[in-house]
């Protein structure tokens, strides 16, 4: 992966989607001005957990801000690669449901598009790594599952989540 273990700056969300779709395009991250609206994306590993963090930035000075607590937070996805599957541990999107005090949320369409592109990125990774499926835990009320994941191919299973009895596993079979 071309952007693994480094932070890059992108001009807009469309470039972010293109990067997640096909990360071979070097021209996406050529920044001509150091003080301009940008999208920062960082992909790194902590222990066995792979983390992708995305946040808005105006310059190199807020480049290192922790995107989880920053008003500039856009999204994050944490995943782990196992022998036969990839497990999505956490997805956080700063969408209209978060209602934070900074009112810097993604609209519904961008939130859906970002999740689709995260999943597409992991599907490509699963094919590359020869994994059979992608697993994601969802709450048993299925609200977010039906909003985001059902339409991109995830199917519910009878398996309960290992960390919480109110969550169930869903899976996306690669090649199926």
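Numbering (my numbering), first residue to last: 5 to 180. In this text, a Cβ means the ideal position worked out from N, Cα and C, and glycines have one as well. Please read all numbers here as calculations on a predicted model, not as lab measurements.
- Nearest neighbour of residue 97 by Cα position, chosen from 115, 84, 91, 87, turns out to be 115.
- With contact defined as three or more Cβ pairs closer than 8 Å, the stretch 117 to 136 and the stretch 159 to 170 are not in contact.
- When the five nearest sequence neighbours on each side are left out, the beta carbons in the same chain lying within less than 6 Å of the beta carbon of residue 119 are those of 152, in order along the chain.
- Taking a contact as a CB-CB distance under 8 Å, the pair residue 53 and residue 84 counts as one, their CB atoms being some 6 Å apart.
- In the DSSP annotation of this structure, the continuous segment of the alpha helix (DSSP H) that includes residue 122 starts and ends at 112 to 133.
- Around the beta carbon of residue 62, a 10 Å sphere encloses fewer than 16 other beta carbons of the protein chains shown; the residue is thus reported as exposed.
- Secondary structure note for residue 21: it is in no beta strand (DSSP E), and the uninterrupted alpha helix (DSSP H) holding it is 17 to 25.
- Excluding residues up to 5 positions away in sequence, 57, 96 lie with their Cβ nearer than 6 Å to the Cβ of residue 80 in the same chain.
- Across the set 122, 92, 78, the C-alpha of 122 shows the shortest separation from the C-alpha of residue 25.
- Here DSSP, grouped into helix, strand and coil, assigns residue 170 to coil.
- In the same chain as residue 140, and ignoring 5 residues on each side of it, the C-beta atoms closer than 7 Å to its own belong to 92, 153, 158, 174, in chain order.
- Taking every protein chain shown into account, the CB of residue 149 has 16 or more other CB atoms within 10 angstroms, so this residue is buried.
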